[in-house]
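Residue numbers (the numbering used here): 1 to 78.
Glycine included, each C-beta is placed from N, C-alpha and C at the ideal position.
To keep things clear, I will list the structure first and then write my remarks on it.
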């Protein structure tokens with residue numbers, strides 16, 4: 001499976017490591033100041049970005065007809 005990682009903090013790095021062990025390929029990484037690879041190659045996008053970026057990241061994937069799994073937390077202030 002070809003995976004796009006949207007957000008490359010602790011969870012993004014953990015998913016990257018686990019995906020490689022399972023023989024999946026990370027084809028795209030997007031973070032605040034970093035972009036590498038090709039999003040349109042992805043079979044799925046996994047989003048663990050900050051709430052401020054999550055909506056635009058999800059829209060980007062959906063505009064390219066890529067299904068999204070979103071694990072972003074911290075949407076609401078307490």
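For residue i, which residues of its own chain have a beta-carbon under 6 angstroms away from its beta-carbon, when the five flanking residues on both sides are left out?
| i | result |
| --- | --- |
| residue 71 | 48 |
| residue 74 | 51 |
| residue 40 | 64 |
How far does the alpha helix (DSSP H) with residue i in it reach, from first residue to last?
| i | result |
| --- | --- |
| residue 4 | From DSSP, residue 4 is part of no alpha helix (DSSP H) but of the beta strand (DSSP E) over 2-6. |
| residue 16 | 10-21 |
| residue 60 | 51-63 |
Is residue i near residue j, with beta carbons less than 8 angstroms apart?
| i | j | result |
| --- | --- | --- |
| residue 42 | residue 4 | yes |
| residue 46 | residue 66 | no |
| residue 8 | residue 33 | no |
| residue 69 | residue 62 | no |
| residue 57 | residue 6 | yes |
Name the DSSP bridge partner or partners of residue i?
| i | result |
| --- | --- |
| residue 36 | 29 |
| residue 46 | 5 and 69 |
Leaving out the 5 sequence neighbours to the left and right, which residues in its chain are closer than 7 angstroms to residue i when beta-carbon positions are compared?
| i | result |
| --- | --- |
| residue 19 | 3 and 26 |
Tell me which residues share the same chain as residue i and place their Cβ nearer than 8 angstroms to its Cβ, disregarding the 5 neighbours each side in the sequence.
| i | result |
| --- | --- |
| residue 37 | 4, 26, 27, 28 and 29 |
| residue 13 | none |
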